[in-house]
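**Student:** Following my numbering, the numbering of the sequence shown begins with 342 at its first residue and continues without gaps.
Below is the structure I would like to discuss, written out as structure tokens.
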Amino acid sequence: TSVASGVCPYTWTRDLAMGATGADVMKLQQFLNADLDTRVSADGAGSVGMETQYYGPATAAAVSKMQVKYRADILSPNNLVNPTGYFGPSSLAKANSVCVAAPVVTPGDTTTTDDTTDDTTDSVTLRGEADITNFEIDDADDTTIEEGDEDAPIAVFTVEFSDGDASISRLDLRLDGAGNGEVDPWDVFESISLWVDGDKVAEADASSKSDYITTTGSEKGTIRLSGLDIVGMEDEEFEIIVAANVKGAVKNIGATDQWKVYAKAMRYFDAAGVATTENNSFDIDNTAYAKVDLDEAGAADEIRLRTSSSNPTETTFELKTDAQTGPETVLAFDIDTKDSKNDITLTTVVATVNVANSVGGYDALISKAELVIDGTTITKVVETGTTTIDGYATLTFDVDDRVVIDAGDRVKAELNLRFKSLTNPSNEGATVSATVAAADIEATGSDDVTSLINTIVGKIHTLRSEGISGQPKTKTAVVTTVDAASDYATYKVSVEVTAFNQDVLISNNPTTSMVFVLEDGAASSSVAGSRTVNLTSTADETVNPGYFTIFEGETKTVTLDVTYIPGVPNTASRLSLTSIKFDDVIGVPTQIWNANPVA
342 TSVASGVCPY
352 TWTRDLAMGA
362 TGADVMKLQQ
372 FLNADLDTRV
382 SADGAGSVGM
392 ETQYYGPATA
402 AAVSKMQVKY
412 RADILSPNNL
422 VNPTGYFGPS
432 SLAKANSVCV
442 AAPVVTPGDT
452 TTTDDTTDDT
462 TDSVTLRGEA
472 DITNFEIDDA
482 DDTTIEEGDE
492 DAPIAVFTVE
502 FSDGDASISR
512 LDLRLDGAGN
522 GEVDPWDVFE
532 SISLWVDGDK
542 VAEADASSKS
552 DYITTTGSEK
562 GTIRLSGLDI
572 VGMEDEEFEI
582 IVAANVKGAV
592 KNIGATDQWK
602 VYAKAMRYFD
612 AAGVATTENN
622 SFDIDNTAYA
632 KVDLDEAGAA
642 DEIRLRTSSS
652 NPTETTFELK
662 TDAQTGPETV
672 LAFDIDTKDS
682 KNDITLTTVV
692 ATVNVANSVG
702 GYDALISKAE
712 LVIDGTTITK
722 VVETGTTTID
732 GYATLTFDVD
742 DRVVIDAGDR
752 VKAELNLRFK
762 SLTNPSNEGA
772 TVSATVAAAD
782 IEATGSDDVT
792 SLINTIVGKI
802 HTLRSEGISG
812 QPKTKTAVVT
822 TVDAASDYAT
832 YKVSVEVTAF
842 NQDVLISNNP
852 TTSMVFVLED
862 GAASSSVAGS
872 RTVNLTSTAD
882 ETVNPGYFTI
892 FEGETKTVTL
902 DVTYIPGVPN
912 TASRLSLTSI
922 KFDDVIGVPT
932 QIWNANPVA
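Below you can see the structure in the form of structure tokens.
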């Protein structure tokens, strides 16, 4: 006897799965190798005499073979049709019941390397006198196919037998393209295949007229797949997926071409070898069909722009007065090819940059623009539009096919700007923002991509060489009920203020330093009633009495509190902080920070 035969008797005491290790795994491999129908490997790791203590894919495959061999004891009691590869309670119990005495391996069997032995390891012994109890035809999950598609599902057959097991030996299908631009299936399809549990179990040529058993009349397009051995176990429903390879260039595809898939006939055998041919029962009746639309190659290719989680919020860029700054990211977005069936190659991407509150516009502030897509940096750009005054500059990036996005993938893109030195005081507080529209993108899949969806608008960013940057911290509105005329609302807006390249003085008199709007539900700022305004801060108030002093490099919180009594029942109102006025000396403030958008 061989090494494998020495394992029994043995008792396994725990379930085993992929990744498991231990002496019991080696015992399991030895047990499986004792039977040619369930061997782990013909040679190398896992083969007879070379068993390991690791439960990997080969072991799982061998366990699956054991589960099929002892289907009635392992799979059927658990309502399973297909093996799992998991050595669980049922598999463990069966192995323990078999491994009560040492199995015998015929000398010479362990050295066999002929792969033909594997072809019969999944054979199943049929039982009973089978009768078909269900055959349904449904559309595939994806009801659109394209030129050049391979193994594209076009129909789903759901089959069930009762009173016994059956082996399907033949299926006749009809492909009906009546009314299409191209009506002959042999001019559309290369081949038709059948799939069960993810495995291709049959394939027939479909590219020539001679491949069809009927080529004229109402039965035109009937094709036969014979020599099958698709086993259906008693009372166990299973699916047969019908798939197609589509020709790469189909002539005369119409705008609404649709193919219908009929089941014309099915032949099966039961355990006694009795053959039955069904051609007029359930959905095998020439009336039920699955449908699938046929499109030109690339019809599903698309680009969808999506907001990126890394898109920067409103930011104050701290520019230098004697050197360039950046590059700084002003807009981040994702390019999603979603339902595309082909890889997408980018040719051109267009972005729009809006410059406001400046002297000289884009040209005065920005020295260079770059676009980074999925790690590839694009610097070849043509700048047009309004570039010398406030307005919109158009940046056309020549990607030149350097970026290819795999079909269905979503990649990140960033628009980065490098800023010139800020030497003109009038440009303190200028703003930039960017927009990118899918409609302006040029790309190709199998052809030019025409499904271009969404526009992404970036946040507004402020440019300064000195002053403050602010980030809204908290915004609350609380209504206190007293009586109809005396109800009041308390608004609180807090902003984290950072001083850079200078000390910052903010008057503690809100009338001097705060610009805000109290408006009603109709967006009118003419709001009746009374209000009380209070301004507080975590900044120093002792160095410069009457002012909150934020020293260079510090970050402090400035909080605006407004209590509003409308005096009129059922009044709607809201508060918006639009800007903070400040300076680096005591006096009337000459600098301003704008909340973009309003806080």
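Virtual Cβ for every residue (Gly too), placed ideally from N, Cα, C.
All figures in this text were calculated on a predicted structure; none of them were measured in a lab.
Residues in the same chain with beta-carbon distance under 7 Å from E711, minus the five sequence neighbours each way, listed in chain order, please.
**Tutor:** Correct list, in chain order: P668, T718, I719, T720, N757.
**Student:** Spatial neighbours of T352 within its chain, please: CB distance less than 8 Å, with the 5 preceding and 5 following residues excluded, ordered by chain position.
**Tutor:** Within the same chain, T352 has close Cβ partners N437, C440.
**Student:** What residue range does the beta strand (DSSP E) around F428 cover?
**Tutor:** From DSSP, F428 is part of no beta strand (DSSP E); its letter is neither H nor E.
**Student:** Helix, strand or coil for W527? Go by DSSP, reduced to three states.
**Tutor:** DSSP places W527 in helix when its eight states are reduced to three.
**Student:** What ranges does the beta strand (DSSP E) occupy inside the segment 515-596, keeping only unbroken runs of at least 3 residues that lie completely in it?
**Tutor:** Qualifying beta strand (DSSP E) stretches, in chain order: 530-537, 540-546, 563-573, 579-587.
**Student:** Specify whether the segment 351-369 and the segment 390-400 touch according to this definition: at least 3 beta carbon pairs, one from each stretch, less than 8 Å apart.
**Tutor:** Yes: the two stretches touch, three or more of their Cβ pairs being nearer than 8 Å.
**Student:** Taking 7 Å as the cut-off, decide whether the C-beta atoms of L512 and M607 are in contact.
**Tutor:** Cβ distance < 7 Å, so L512 and M607 count as in contact.
**Student:** Could you tell me the alpha carbon to alpha carbon distance between T772 and L804, rounded to whole angstroms?
**Tutor:** So the alpha carbons of these two residues sit roughly 6 Å apart.
**Student:** Got a sec? Which residues, its chain only, sit under 7 Å from F610 by beta carbon, not counting five neighbours each side?
**Tutor:** Within the same chain, F610 has close Cβ partners A507, S508, S510, A616.
**Student:** State yes or no: is the C-beta of F674 within less than 7 Å of the C-beta of I581?
**Tutor:** No, these two residues do not count as a Cβ contact at 7 Å.
**Student:** Is the distance from the Cβ of E501 to the Cβ of T466 below 7 Å?
**Tutor:** In this structure, T466 does not lie closer than 7 Å to E501 by Cβ.
**Student:** From E488 to T563, what distance separates their C-alpha atoms?
**Tutor:** About 21 Å.
**Student:** What residue range does the alpha helix (DSSP H) around R412 cover?
**Tutor:** Counting along the chain, the alpha helix (DSSP H) containing R412 begins and ends at 412-415.
**Student:** In its own chain, which residues sit with a C-beta less than 6 Å from the C-beta of V834, not counting the 5 before and 5 after it?
**Tutor:** Excluding residues within five positions, the ones whose Cβ falls inside 6 Å are K816, L901, L918, A940.
**Student:** Do you know how far the Cα of H802 is from the Cα of T656?
**Tutor:** Taking the straight line from one Cα to the other gives about 5 Å.
**Student:** By the DSSP assignment, the alpha helix (DSSP H) with Q599 in it spans what residues?
**Tutor:** Q599 -> not in any alpha helix (DSSP H); beta strand (DSSP E) instead, spanning 599-610.
**Student:** Quick one: what's I746 bridged to in DSSP?
**Tutor:** DSSP, once it has assigned bridges, lists I685 as partnering I746.
**Student:** DSSP on Q665, reduced to helix/strand/coil?
**Tutor:** Q665: coil per DSSP, three-state reduction.
**Student:** Cα separation between V524 and Q599?
**Tutor:** Answer to the nearest angstrom: the Cα atoms are 10 Å apart.
**Student:** Check this for me: beta carbons of S808 and Q932, under 7 Å apart or not?
**Tutor:** As written in the sequence, residue 808 is Gly, which differs from the Ser given in the question. Against a cut-off of 7 Å, the Cβ pair of Q932 and G808 comes out as a contact.
**Student:** Is S854 helix, strand or coil by DSSP?
**Tutor:** In the structure shown, S854 sits in a helix (DSSP, three-state: H, G or I).
**Student:** Can you tell me which of the three DSSP states Y630 falls into?
**Tutor:** Y630 falls in the coil class under three-state DSSP.
**Student:** Secondary structure at S405, three-state DSSP: helix, strand or coil?
**Tutor:** It is helical.
**Student:** Comparing alpha-carbon positions, which option in T618, D824, V723, A780 lies nearest T320?
**Tutor:** What the structure shows of the chain is the stretch from 342 to 940, and residue 320 is not part of that stretch, so it cannot be assessed.
**Student:** For D636 and V602, I'd like the C-alpha separation in whole angstroms.
**Tutor:** Straight-line Cα distance between these residues: approximately 17 Å.
**Student:** Following the continuous alpha helix (DSSP H) through A364, name the residue where it begins and the one where it ends.
**Tutor:** It spans 364-374 - the alpha helix (DSSP H) in which A364 sits, taken as one unbroken run.
**Student:** With T678 and I746 assumed to form a contact (beta carbons below 8 Å), what rounded beta-carbon distance in angstroms separates them?
**Tutor:** The pair is a contact, with the Cβ atoms about 5 Å apart (cut-off 8 Å).
**Student:** Is the segment 903-919 close to the segment 820-838, with three or more CB pairs under 8 Å?
**Tutor:** Output reads yes: the segment 820-838 touches the segment 903-919.
**Student:** Quick one: Cα of V381 to Cα of K541, how far?
**Tutor:** Computed Cα separation, rounded: 23 Å.
**Student:** Spell out the partners DSSP gives Q932 in its beta bridges.
**Tutor:** Note: Q932 sits in a beta bridge opposite F923.
**Student:** Hey, how far is the Cα of I707 from the Cα of S650?
**Tutor:** Each residue's Cα considered, the two are about 25 Å apart.
**Student:** Tell me which residues share the same chain as F760 and place their Cβ nearer than 8 Å to its Cβ, disregarding the 5 neighbours each side in the sequence.
**Tutor:** So the qualifying residues of the chain are F658, L660, Q665, T666, G667, E669, L706, I707, S708, L804.
**Student:** Measure from the alpha carbon of G505 to the alpha carbon of each residue in T890, I847, E783, G614, then state which is nearest.
**Tutor:** For G505, the nearest C-alpha among the options comes from G614.
**Student:** Is N437 helix, strand or coil when you go by DSSP?
**Tutor:** Here N437 sits in helix by DSSP.
**Student:** Given this structure, state the Cα-to-Cα distance separating M532 from L514, to the nearest angstrom.
**Tutor:** Looking at the sequence shown, residue 532 is not Met but Ser. S532 and L514: Cα-Cα distance of roughly 12 Å.
**Student:** Between which two residues does the beta strand (DSSP E) holding A705 run?
**Tutor:** It is not in any beta strand (DSSP E) - A705 instead sits in the alpha helix (DSSP H) that spans 702-706.
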